[in-house]
Amino acid sequence: MLIYYIIFGITILFALIDIYKPFKDKESVKVFWGIIALIVLFKGLRWDTGTDFAQYLACFENVTWSNFYHFERYGFGTHLMEPGYTFLNVLIKTVFFDYTMFLLITNFAIMWIYGCTILKYVPKYKFACLSLVLVSTILFPVRQTFAAAIFLYSIRYILVKDWKKYYLCILIAFSFHRSALLLSIMYPLMNLKFNYKRNIAIYIGLIVFSNYMYSVFDILKNSAVNVVMGDVMNQYDATNDNNILNETNENNNILTYISSIVQITVYYWAFVKLKKIDIKSINYDFFNVMLNAYFFNLCLWSISYIPGFGSMNRMPAFFEFGYPFCIVLAMMYFTRVNHIKLGILLFIATFIIKYNALNLNYKPERYELNLYVPYKTFFQRDEPMRSGIWLY
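Once you know that position 30 of the sequence shown is 78 in my numbering, the rest is easy, because the numbers rise by one and skip nothing.
See the structure below:
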């Protein structure tokens with residue numbers, strides 16, 4: 049895990065320097081893209097691919113021009129892999145032959161989208177935003193991450209009210225991951241003016257409702273109803289726990305809810321204050337969209353806790369980018385009013401909180417740790433360092 053401390057340490061060092069004593073514009077952009085190149089090499093050459101390694105490698109090795117549009121994910125008779133993703137696999141395999149090149153190219157595409165968005169909308173604190181993106185979003189080159197990056201790119205079309213290009217992006221995202229279908233309804237919702245009181249009321253309502261429904265389900269599971277149904281609810285509960293509790297346990301306690309409400313309050317407060325100061329360098333429409341993204345992320349986590357909605361826990365990933373952008377945009381207010389130390393403190397505190405949430409400290413019993421152990425490196429031509437797990 050030491051290499052992660054080194055990589056993240058480099059990004060936070062440049063971020064702190066940039067907050068305290070900004071680089072010159074031309075120099076900073078070169079360094080910024082240099083760090084992104086380092087991250088791309090780090091993740092690509094190490095086969096740093098996340099959970100579903102076996103099936104992704106199998107897809108790359110077995111997909112062809114004749115079957116990419118009907119490639120079956122787990123073998124004959126199973127559901128189809130998305131055609132956009134399989135097309136990209138076969139295209140890169142045809143040109144470069146090697147899976148390492150596929151990882152390098154897909155990692156570069158994802159990081160390029162994040163990099164361009166950061167430079168376009170928060171150029172002043174580009175290094176701080178990049179650091180927070182690395183620890184608060186999942187950047188493994190998998191299907192949904194690619195789809196989420198495409199959604200982030202489409203935000204520019206929401207801002208200029210170009211629905212045709214937006215839906216073209218969503219169509220491409222859908223070809224990489226079917227859950228991107230949700231994004232088809234987000235064009236008007238992301239553009240809504242952020243209403244603090246209404247949104248807080250909605251979020252608290254979802255928290256109460258989801259916990260109430262889970263309590264009702266738990267009571268029914270231990271009642272005669274479950275016996276009559278042949279213990280079906282016990283089987284469902286095991287599946288739901290696997291989908292929800294193992295992945296979102298940090299989201300299902302009162303402290304997390306309070307923390308989320310406090311954070312969204314601080315971001316909205318900074319948004320209001322910045323508009324009064326009227327800093328020309330800030331795109332307030334973009335800030336508003338990021339506030340909405342963070343709000344939808346919180347709401348979807350709450351919904352996914354409701355019995356029967358466990359599969360919704362994939363959906364918040366599409367909106368995770370709202371969190372780091374909100375933090376950095378809020379920092380602009382503190383530094384603007386000469387509270388630069390407070391701005392730096394906000395950045396460091398958030399970085400440490402999100403970094404610890406990744407469970408990078410060595411805890412062998414924690415499954416999350418395995419996500420950050422590479423399967424093998426570019427220089428290692430024998431068996432992978434760990435076997436892939438096919439997660440259904």
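C-beta atoms are modelled at their ideal positions from N, C-alpha and C, and glycine is treated no differently.
**Prompt:** Given a threshold of 16 other Cβ atoms within 10 Å of its Cβ, counted over all protein chains shown, does L229 qualify as buried or as exposed?
**Reply:** exposed
**Closest residue to I198 among Y117, F242, F366 (Cα-Cα distance)** = F366
**Request:** Report buried or exposed for A85, applying the criterion of at least 16 other Cβ atoms within 10 angstroms of its Cβ.
**Result:** exposed
**Distance between I206 and F335 (C-alpha atoms, nearest Å)** = 12 angstroms
**Message:** As a quick exercise: from G132, E130, R246, pick the residue whose alpha carbon is nearest that of N340.
**Reply:** The option with the nearest alpha carbon to N340 is R246.
**Asked** In three-state terms, what does DSSP make of L167?
**Response** Note: L167 maps to helix in three-state DSSP.
**Asked** With which residues is E109 paired in a DSSP beta bridge?
**Response** In DSSP, E109 forms no bridge with anything.
**Message:** Within the continuous alpha helix (DSSP H) that includes R191, where are the two ends?
**Reply:** Element bounds for R191: 191-207.
**Request:** Might you give, ordered along the chain, the residues of its own chain that have their beta carbon closer than 8 angstroms to the beta carbon of F357, omitting 5 neighbours on each side?
**Result:** I351
**Asked** Do the region 368-377 and the region 165-175 make contact, defined as three or more Cβ pairs closer than 8 angstroms?
**Response** yes
**Message:** For W317, count the other beta carbons within 10 Å of its own beta carbon; 16 or more makes it buried, fewer makes it exposed. Which is it?
**Reply:** Taking all protein chains in view, the Cβ of W317 is surrounded by fewer than 16 other Cβ atoms within 10 Å, so the residue is classified as exposed.
**Request:** Note down, in chain order, each residue of its chain lying with its Cβ closer than 8 angstroms to the Cβ of L128, except the 5 sequence neighbours on either side.
**Result:** H118, F119, E120, R121
**Message:** Looking at the secondary structure, which residues open and close the alpha helix (DSSP H) in which D333 lies?
**Reply:** 332-352
**Start and end residues, alpha helix (DSSP H) containing T313** = Annotation for T313: the continuous alpha helix (DSSP H) segment containing it runs 302-325.
**Message:** Considering only the alpha carbon of each residue, which of M149, F382, W211, E130 lies closest to M225?
**Reply:** For clarity, residue 225 is His in the given sequence; the question names Met instead. Checked all of M149, F382, W211, E130; the closest Cα to H225 is E130.
**Prompt:** DSSP three-state call for E75: helix, strand or coil?
**Reply:** helix
**Prompt:** How far does the alpha helix (DSSP H) with M380 in it reach, from first residue to last?
**Reply:** Taken as a continuous stretch (DSSP letters only), the alpha helix (DSSP H) holding M380 covers 370-384.
**Asked** What did DSSP end up calling L24 once you bin it into helix, strand or coil?
**Response** Residue numbering for the chain in the displayed model covers 49 to 440; residue 24 lies beyond these limits and cannot be assessed.
**Request:** Leaving out five residues on either side along the sequence, give the residues of the same chain with a beta carbon under 8 angstroms from the beta carbon of C441.
**Result:** The structure shown does not extend to residue 441, since the chain is modelled only from 49 through 440, so no value can be given for it.
**Prompt:** Under three-state DSSP, which class holds L128?
**Reply:** strand
**Request:** State the Cα-Cα distance for the pair V170 and S307, rounded to the nearest angstrom.
**Result:** 24 angstroms
**Request:** With distances taken Cα to Cα, identify the nearest neighbour of D148 among E109, K321, L64.
**Result:** It is Thr, not Asp, that sits at residue 148 in the sequence shown. Distances from the alpha-carbon of T148 to those of E109, K321, L64 put E109 closest.
**Prompt:** Straight-line CA distance for I248 to Y342?
**Reply:** 12 angstroms
**Item:** Contacts around C217, its chain only, beta-carbon distance under 8 angstroms, and the 5 residues preceding and following it disregarded
**Value:** Same-chain partners within the cutoff: I198, F199, Y201, S202, Y205.
**Request:** Tell me, please, whether the CB atom of I302 is closer than 7 angstroms to any CB atom in chain B?
**Result:** Looking at the structure shown, chain B is missing, and only one protein chain is on hand.
**Request:** Quick one: give me the first and last residue of the alpha helix (DSSP H) that K172 is part of.
**Result:** Run containing K172: none; DSSP gives neither H nor E here.
**Message:** Please report the straight-line C-alpha distance between F222 and Y215, rounded to a whole angstrom.
**Reply:** 10 angstroms
**Nearest-angstrom Cα separation, counted from L64 out to L178** = 12 angstroms
**Asked** Which two residues bound the contiguous alpha helix (DSSP H) that contains Y117?
**Response** From DSSP, Y117 is part of no alpha helix (DSSP H); its letter is neither H nor E.
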